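Undergrad: In the UniProt record's numbering, the protein residues as written are 1 to 383. Sharing a structure with you now.
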């Protein structure tokens, strides 16, 4: 399904490196490569309106996040100078803050009790209520920790990923200790870029690399010493760009030839079918979401396959898409940010329902049309 933008704004000509959206608060935030954070309102129609900017963050902004639907106006921002602060956008006031003593924060995650942040070879944990530092893990990773996440259901489970290729699982249910909390690890032969939980029970992790590779890991099976699976990736491809371009070409030969895929953005669930999709971008700003096929849990490891894109996002950008926000289950609003400085909103319709409707229409004769004329049916500061 080919989609056109709903709304486009260009706050500046700087790269849009990170986006975060609060559906409940109708807020969209964008971190730019000039260290600025721009704030927009985004109503249910997808219309964007520039609202404000955050105060000077005293450094390059490495990540933004609205972590809680229960606090839809609270935006967290982390910087290269080791500051992690949250703001109440309704009042414009800072409400939380912690520091890593000038160590650059590459990533962070927030739940009701804790804040976790990744630094150079370190994972730092704070208690949200007291803002006190709980722990500093410095033996797990040898290089920059670029992703950290709390499990969406079992919040005591924390996962970190690093440029060193190591993904580590910790369980803090019996206390915060680096050795005692450690449960499992995957040593992927790649420099990790992004990571997130996925699966019907969030029992998997998807990972992307800085060389556009993709990996799926059964982290839950890896934590079960008596079970099978988890020793290595369930599926992987070391460079997904050629496969994704081939899938785009099958969808439309012209698109594949004119817009070869150059950047793997991440993986997300289709908000309507719950199917896992790979999001990717061409050099000139076309973005697409490709259904993924991979071995079932417990099966021998294998490779990924990608089907023709479910959604193709056209005319939203003139340069590579750098960041995105994808709708949650049942939602429709998506956002992309590009190297061209544009922030773009999209409506993601139910592709399966639309295909059925189109198929039904195609079975009915069209007056005055001969059959031969009918046509078949997604952080570092850039250098």
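Built from N, CA and C at the ideal position, the CB exists for glycine as well. Note that the coordinates shown come from a computational prediction; the quantities given were computed from them, not determined experimentally.
(1) Can you list, in chain order, the residues of its chain whose CB lies under 7 Å from that of residue 60, leaving out five sequence neighbours each side?
(2) How long is the line joining the alpha carbons of residue 1 and residue 290, rounded to whole angstroms?
(3) Give a yes or no on contact between the segment 156-174 and the segment 132-144, applying the rule of three or more CB pairs nearer than 8 Å.
(4) Are there 16 or more other CB atoms within 10 angstroms of the CB of residue 27, so buried, or fewer, so exposed?
(5) Cβ of residue 149 within 8 Å of Cβ of residue 109?
(6) Just mark residue 213 as buried or exposed, buried being the case when its beta carbon has 16 or more other beta carbons within 10 Å.
(7) Are there three or more Cβ pairs, one per stretch, closer than 8 Å when the segment 225-237 is compared with the segment 295-305?
(8) Taking all protein chains shown into account, decide if residue 12 is buried (16 or more other Cβ within 10 angstroms of its Cβ) or exposed.
(9) Can you find the residues in the same chain that come closer than 6 Å, C-beta to C-beta, to residue 14, ignoring five residues on each side of it along the sequence?
(10) Does the count of Cβ pairs from the segment 281-297 and the segment 308-315 closer than 8 Å reach three?
(11) If you draw a straight line from the C-alpha of residue 245 to the C-alpha of residue 193, how long is it?
(12) Since residue 52 is in the beta strand (DSSP E), which residue starts that stretch and which ends it?
(13) Assuming residue 222 is part of the alpha helix (DSSP H), what are its boundary residues?
(14) Would you report the Cα separation of residue 111 and residue 9, rounded to the nearest angstrom?
(15) Whole beta strand (DSSP E) runs in the segment 243-294 with 3 or more residues, listed along the chain?
(16) Please classify residue 135 as buried or exposed, where buried requires at least 16 other C-beta atoms within 10 Å of its C-beta.
(17) In its own chain, which residues sit with a C-beta less than 7 Å from the C-beta of residue 49, not counting the 5 before and 5 after it?
(18) Tell me where the alpha helix (DSSP H) around residue 187 begins and ends.
(19) Around the Cβ of residue 173, are there at least 16 other Cβ atoms within 10 angstroms (buried) or fewer (exposed)?
(20) Cβ atoms of residue 100 and residue 121: under 8 Å apart, would you say?
(21) Helix or strand or just coil, what does DSSP make of residue 193?
(22) Indicate the three-state DSSP secondary structure (helix, strand or coil) for residue 203 in the structure shown.
(23) Should residue 201 go down as buried or exposed, given a rule of 16 or more other Cβ atoms within 10 Å for buried?
(24) If you draw a straight line from the alpha carbon of residue 358 to that of residue 252, how long is it in whole angstroms?
(25) Tell me which residues share the same chain as residue 176 and place their Cβ nearer than 7 Å to its Cβ, disregarding the 5 neighbours each side in the sequence.
(26) I believe residue 19 touches residue 267 by the beta-carbon criterion, under 8 Å. Please report the beta-carbon distance rounded to the nearest angstrom.
(27) Can you tell me which of the three DSSP states residue 359 falls into?
(28) Return the residue from the list 334, 350, 349, 351 that minimises the CA-CA distance to residue 343.
(29) Roughly how many whole angstroms lie between the Cα atoms of residue 189 and residue 43?
(30) Less than 8 Å separating the beta-carbons of residue 400 and residue 186?
(31) Judging by CA-CA distance, which residue of 46, 16, 17 is the nearest neighbour of residue 346?
(32) When you compare only the Cα positions, how much space is there between residue 240 and residue 208?
TA: So, from the data block:
(1) Taking the first residue of the chain shown as 1, we reach residue 60 at position 60. Excluding sequence neighbours, residue 60 sits near 35, 79, 80, 381.
(2) Here residue 1 refers to the residue found at position 1 when the chain shown is read from its first residue. Here residue 290 refers to the residue found at position 290 when the chain shown is read from its first residue. Distance between the alpha carbons of residue 1 and residue 290: 11 Å.
(3) yes
(4) Here residue 27 is taken as the residue at index 27 of the chain shown, counted from 1. It counts as buried.
(5) As a first step, residue 149 must be located in the chain shown, where it is residue number 149. As a first step, residue 109 must be located in the chain shown, where it is residue number 109. Taking 8 Å as the Cβ cut-off, residue 149 and residue 109 qualify as a contacting pair.
(6) Here residue 213 corresponds to residue number 213 of the chain shown, with the count starting at 1. The residue is buried, with at least 16 neighbouring Cβ atoms inside 10 Å.
(7) yes
(8) One-based indexing of the chain shown puts residue 12 at position 12. Per the 10 Å Cβ criterion, exposed.
(9) Reading the chain shown from its first residue, position 14 is the one you call residue 14. Counting only Cβ-Cβ distances below 6 Å, and skipping sequence neighbours, we find 32, 33, 34, 341.
(10) yes
(11) The residue given as residue 245 occupies position 245 in the chain shown. The residue given as residue 193 occupies position 193 in the chain shown. One C-alpha to the other measures close to 20 Å.
(12) As a first step, residue 52 must be located in the chain shown, where it is residue number 52. Here the beta strand (DSSP E) through residue 52 covers 48-53.
(13) Start at 1 with the first residue of the chain shown, and residue 222 comes out as number 222. Looking at the DSSP string, the run of the alpha helix (DSSP H) that includes residue 222 is 219-223.
(14) Taking the chain shown and counting its residues from 1, the one referred to as residue 111 is at position 111. Taking the chain shown and counting its residues from 1, the one referred to as residue 9 is at position 9. Taking the straight line joining both Cα atoms gives about 31 Å.
(15) 261-269, 276-282, 287-293
(16) Counting from 1 along the chain shown, the entry for residue 135 is found at position 135. Label assigned to residue 135: buried.
(17) The residue labelled residue 49 in the question sits at position 49 within the chain shown. So the list reads 40, 41, once near-sequence residues are dropped.
(18) Working through the chain shown from its first residue, we reach residue 187 at position 187. It is not in any alpha helix (DSSP H) - residue 187 instead sits in the beta strand (DSSP E) that spans 182-187.
(19) The residue labelled residue 173 in the question sits at position 173 within the chain shown. Label assigned to residue 173: exposed.
(20) Here the question's residue 121 lines up with position 121 in the chain shown. Here the question's residue 100 lines up with position 100 in the chain shown. Not closer than 8 Å, so no.
(21) For the purposes of this step, residue 193 is taken as the residue at position 193 of the chain shown. Here residue 193 sits in strand by DSSP.
(22) One-based indexing of the chain shown puts residue 203 at position 203. Residue 203 falls in the coil class under three-state DSSP.
(23) Within the chain shown, residue 201 is the residue found at index 201, counting from 1. It is exposed - the Cβ of residue 201 has fewer than 16 other Cβ atoms within 10 Å.
(24) Stepping through the chain shown from its first residue, residue 358 is reached at position 358. Stepping through the chain shown from its first residue, residue 252 is reached at position 252. For residue 358, the predicted structure reports a pLDDT of 45, less than 50, and the residue's modelled location is therefore unreliable. The matter cannot be settled from this model.
(25) Taking the chain shown and counting its residues from 1, one reaches residue 176 at position 176. Result list for residue 176: 125, 134, 135, in chain order.
(26) What you label residue 19 is simply residue 19 of the chain shown in a count that begins at 1. What you label residue 267 is simply residue 267 of the chain shown in a count that begins at 1. Residue 19 to residue 267, Cβ: 16 Å. No contact.
(27) Walking along the chain shown from the start, residue 359 turns up at place 359. Low per-residue confidence applies at residue 359: pLDDT is 43, beneath 50, and the placement is therefore not dependable enough to give any value.
(28) Within the chain shown, residue 343 is the residue found at index 343, counting from 1. Taking only the C-alpha atoms, the option nearest residue 343 is 334.
(29) On the chain shown, residue 189 is found 189 positions in, with the first residue counted as 1. On the chain shown, residue 43 is found 43 positions in, with the first residue counted as 1. Taking the straight line from one Cα to the other gives about 42 Å.
(30) The requested residue 400 does not occur in the structure, where the chain is confined to residues 1 to 383.
(31) Numbered from its first residue, the chain shown carries residue 346 at position 346. It is 46.
(32) Start at 1 with the first residue of the chain shown, and residue 240 comes out as number 240. Start at 1 with the first residue of the chain shown, and residue 208 comes out as number 208. Straight-line Cα distance between these residues: approximately 10 Å.
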